[in-house]
Amino acid sequence: MPESTPRRATRSQRMAALLIDLAIPFAILAAFYGFAVVDSRGSNGSHSSVAIVMPAFIALAALLVVVVINAILLFKSNQTIGKKAMHLRIVRARYLTPVSPLRIFILHALLAALLVTPYIGPPLLIISGLFLFTADQRCLHDRIADTDVIQYKTPL
Numbered sequence: 038m039p040e041s042t043p044r045r046a047t048r049s050q051r052m053a054a055l056l057i058d059l060a061i062p063f064a065i066l067a068a069f070y071g072f073a074v075v076d077s078r079g080s081n082g083s084h085s086s087v088a089i090v091m092p093a094f095i096a097l098a099a100l101l102v103v104v105v106i107n108a109i110l111l112f113k114s115n116q117t118i119g120k121k122a123m124h125l126r127i128v129r130a131r132y133l134t135p136v137s138p139l140r141i142f143i144l145h146a147l148l149a150a151l152l153v154t155p156y157i158g159p160p161l162l163i164i165s166g167l168f169l170f171t172a173d174q175r176c177l178h179d180r181i182a183d184t185d186v187i188q189y190k191t192p193l
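Under this note's numbering, the first residue of the sequence shown carries the number 38, and numbering increases by one thereafter.
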């Protein structure tokens, strides 16, 4: 393999990037949920709806910030926060070139729609993830979108 050819991301690198991407929203929700539970009891022991609703709105705003940051990173550099931390980038599989913003938007919109579809989303995500253990280490959604995840040292 020539030096100029990017190396495909390993399974462990992709899993680490995914865990980082999942850990951020879960940490935000856990922090605000904990705050809401601790702060939800009033002085007379009754629950205060304001103390529960306000942290929920703050948590949703924080999650929206994470989504916006990921969207900006995806459109500018074909990365999420986790992929950036792991020095990975999404590219077109055949050409190893940056992925168009439209392709990224369609891919992530489709994944989000499938994820929230009862009875279909969770099993499909598991099946897609199992494709990572094939010879070319590309998930089902990578195959559909003709994308791959590579390691990088310098910007494309």
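For glycine and all other residues, C-beta sits at the position ideal for the given N, C-alpha and C.
Neighbour-count burial assignment, residue i, 16 or more Cβ in a 10 Å radius
{"i": "Thr42", "result": "exposed"}
{"i": "Phe170", "result": "exposed"}
{"i": "Arg126", "result": "buried"}
{"i": "Leu144", "result": "buried"}
{"i": "Phe142", "result": "exposed"}
{"i": "Asp179", "result": "buried"}
{"i": "Arg51", "result": "buried"}
{"i": "Ala54", "result": "buried"}
{"i": "Lys113", "result": "exposed"}
{"i": "Pro92", "result": "buried"}
Residue i in three-state terms, based on DSSP
{"i": "Gln50", "result": "helix"}
{"i": "Val153", "result": "coil"}
{"i": "Val104", "result": "helix"}
{"i": "Val128", "result": "strand"}
{"i": "Pro160", "result": "helix"}
{"i": "Arg44", "result": "coil"}
{"i": "Pro39", "result": "Because Pro39 carries a pLDDT of 48, less than 50, the predicted location of this residue cannot be relied on, and no value is offered for it."}
{"i": "Asp185", "result": "strand"}
{"i": "Ala98", "result": "helix"}
{"i": "Ala68", "result": "helix"}
{"i": "Asp58", "result": "helix"}
{"i": "Ala172", "result": "coil"}
{"i": "Val190", "result": "The amino acid at residue 190 is misidentified as Val; the sequence shows Lys. If DSSP states are grouped into helix, strand and coil, Lys190 belongs with coil."}
{"i": "Met91", "result": "helix"}
Strand pairing of residue i, partner residues [DSSP]
{"i": "Pro135", "result": "Val128"}
Whole-number beta carbon distance between residue j and residue i, since they are thought to touch under 8 Å
{"i": "Arg131", "j": "Ala182", "result": "Between Ala182 and Arg131 the Cβ distance is about 12 Å, and since that is not below 8 Å, they are no contact."}
{"i": "Asp185", "j": "Arg44", "result": "11 Å between Cβ atoms; not a contact."}
{"i": "Ala96", "j": "Leu59", "result": "Not a contact, Cβ separation roughly 15 Å."}
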